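Everything on this sheet refers to the single structure shown next.
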Amino acid sequence: MEFRNSKEIAFDLFNVNSLITVLLILVNQSLIAFSVYSSVQIVYALDHHGFDSAEFQLWLLSYVACMTFPHGIGYFADLYEERWLCSCLQLFWNSAAKKYHQSTARTQSGKALGAFVTQGKEAIANYVHYCLDSWSAFLNFFLSLLVISFTLDHRFLITVMISMVLVALVRYWVSTSMENLAVYRTETGADLTNELASIHDNTHNGSRINYLSFLSAKTEKIGGYVNSRIAEAQYKYRVVVIISLCSLLPTICLLVWLLTNHDIAQEIKFALVINLTRIFYLLNSATGLITVVISFPNIRGQIKLLESFSRTEPQMDFDHHRVSIFDERAGQTVSLDQLVNANHGLYSVQGPNGCGKTTFLISLQQKTDGYYFNPRYRLSWPWGKEGERAALSDGQYSRACLEWLINETSYDLLLDEWDAFLDRANTDYIETLIIQSSQLRKIVQVRQ
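UniProt numbering puts the first residue of the sequence shown at 1, with every later residue one more than the last.
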């Protein structure tokens, strides 16, 4: 998944599980539609041949089968829908993690982080459910409409087409507003997630004023998110009411006219009464189809959020002349080219506070792919268990990481204030290991 645009994202999420689910839904809805035809044939068989006829028993068996089998098929459709969703989420998380790895920013901020944490998952889950609900509603409506129109009265097709035209007009009218409301809601949700992610730092690493500022910002962002959801819901459900009226009235008027018209055959009226529940179910499915139609801009807006992962950040352009590079073994300052081309040795990045020594190490990591270590960030190094690492003090954690990096790896090391939490004895011990290891590889350090 490359997150280039919403259309490509949508197609990237389709796989074999989605195909199986779609086929199962097709079989399910086809059986339900055929049950309508079977019910009409039951009326004709009963009227012409009676209860004991083979025709009546055959169509009765067909009707029962068509109403029973879809439940079993629905089980497998739901199962493969969940498999499809899980495969989509797995693809999203893997692709998003890859994008973050390629990021040049020191920390990922803004809406992309919120999308990665919660909004992306929500958007993909809504998209999968929307696709299958749309397909199910489409088949349920049009297959049932086809059977009812050709077995009962073709004018049902006309009234529904009138409804479809009215729905299309309303949908065109509200499309842009619905998409904008969906984008705004997902953006405010991402902003809220980003704000909540900073609660630990503001509570434990700051002062009371930091925490009070966080509470103020949190309250503002919660209010923004809640208000955006309410605004979207109010607009959406107003549209649903309007479109429901456009959808239901033409067919209901036709149904009343058929049942009260003396020129309509009694068999047709009887079949209409028998299928009255099915006809109103058809109208309900029409409302569901309408909801699918007007929800399309909403889903497109949520998928559009994932485009945030395709936005490339400007490459880090750091002026390395602001720092000096000192070769500890040769006892002299060297150039950046000499440092990059060196195969081994111990080099110190020097300069006044704020000159960008850390930024220099990070830019160097992108060029050399060395192992960057800063004791202030407790990362997932592949040594020990997470609980064991969490139980260590800052000094213990620093020593354990440095010992592992020096003794168990062979890549270049970029050590950023590695002695920040070490006492004198541990600092001397690690310094001895660094000097020994620098004979075999390149180590670039910033000292406290």
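For every residue, glycine included, the Cβ atom is placed at its ideal position computed from N, Cα and C. If you're wondering where the values come from, they're calculated on a predicted model, not measured in any experiment.
Determine the contact status of residue i and residue j, defining contact as a CB-CB distance below 8 Å.
i	j	result
leucine 181	tyrosine 235	yes
glutamate 179	lysine 221	no
isoleucine 430	isoleucine 443	no
tyrosine 172	leucine 13	no
glutamine 448	glutamate 417	yes
valine 239	valine 174	yes
threonine 251	threonine 159	yes
leucine 405	phenylalanine 373	yes
leucine 415	arginine 399	no
glycine 370	serine 438	no
valine 349	valine 323	yes
proline 382	alanine 420	no
serine 134	cysteine 246	no
asparagine 17	tryptophan 84	yes
tyrosine 75	serine 38	no
If you drop the 5 nearest sequence neighbours on each side, which residues of the same chain put their C-beta closer than 6 Å to that of residue i?
i	result
residue 470	The structure shown does not extend to residue 470, since the chain is modelled only from 1 to 448, so the question has no answer here.
arginine 389	none
methionine 1	Asp12, Leu91, Ser95
phenylalanine 214	Asn202
tyrosine 225	Thr188, Gly189, Leu192
threonine 432	none
phenylalanine 270	Val43
Just to confirm my understanding: we take residue i, look at its own chain, exclude 5 residues before and 5 after, and list those with CB closer than 7 Å. What are they?
i	result
proline 70	Asn28, Leu31, Ile32
cysteine 88	Leu13, Ile124, Val128
asparagine 426	Gly395, Arg399
isoleucine 242	Val170
leucine 254	Arg155, Phe156, Thr159
aspartate 327	Val334, Gly345, Tyr347
aspartate 52	none
glutamate 232	Leu181, Ala182, Arg185
asparagine 210	Asn202
Report the residue from the options whose alpha carbon sits nearest the alpha carbon of residue i.
i	options	result
serine 6	Ile124, Asn407, Ala54, Ala65	Ile124
glycine 301	Ala10, Met1, Ser398	Ala10
leucine 143	Thr68, Arg399, Phe34, Phe270	Phe34
leucine 145	Ser38, Phe156, Arg424	Phe156
methionine 67	Asn407, Val36, Glu328	Val36
serine 244	Leu212, Val293, Glu307	Val293
glutamine 445	Asn407, Asn426, Ile362	Ile362
serine 228	Lys385, Leu192, Leu212	Leu192
valine 170	His200, Ile268, Ser295, Tyr130	Ser295
leucine 26	Asn15, Val40, Ser136	Ser136
glutamine 41	Leu272, Asn210, Thr219	Leu272
asparagine 15	Leu289, Ala45, His200, Cys131	Cys131
alanine 197	Ala265, Lys218, Ile230, Leu212	Lys218
arginine 441	Ser410, Thr333, Ala425, Lys385	Ser410
phenylalanine 3	Asn210, Ser308, Ser53, Ala233	Ser308
glutamate 8	Met161, Ser335, Cys401, Ile303	Ile303
phenylalanine 138	Arg424, Leu289, Gln436	Leu289
alanine 342	Val147, Ile325, Glu386	Ile325
alanine 168	Ala231, Arg208, Thr432, Thr291	Thr291
glycine 351	His321, Tyr211, His262, Lys98	His321
valine 165	Leu364, Leu248, Gln436	Leu248
Tell me which residues share the same chain as residue i and place their Cβ nearer than 8 Å to its Cβ, disregarding the 5 neighbours each side in the sequence.
i	result
leucine 305	Lys111, Ala115, Gln119, Gly120, Ala123, Val183, Thr186, Glu187, Ala190
glycine 50	Phe56
glutamate 267	Val43, Tyr44, Asp47
aspartate 337	none
isoleucine 73	Leu24, Val27, Asn28, Leu31
The stretch 390 to 400 touching the stretch 344 to 364, judged by at least three CB pairs closer than 8 Å = no
Return the chain-ordered ranges of every beta strand (DSSP E) run that is complete within the stretch 345 to 370 and spans a minimum of 3 residues.
-> 345 to 350
Is the stretch 152 to 172 close to the stretch 252 to 260, with three or more CB pairs under 8 Å?
-> yes
Count the CB pairs spanning the stretch 48 to 66 and the stretch 91 to 100 that are closer than 8 Å, and state whether there are at least three.
-> no
Please go through the stretch 133 to 200 and give each complete alpha helix (DSSP H) segment of 4 or more residues, from N-terminal end onward.
-> 155 to 197
Are the stretch 17 to 27 and the stretch 70 to 81 touching, with three or more C-beta to C-beta distances below 8 Å?
-> yes
Run through the stretch 363 to 413 for me and flag every whole beta strand (DSSP E) of 3 or more residues, listed as ranges in chain order.
-> 371 to 373
Report the residue ranges of all beta strand (DSSP E) runs contained in full by the stretch 16 to 49; include only those spanning at least 3 residues, in chain order.
-> none
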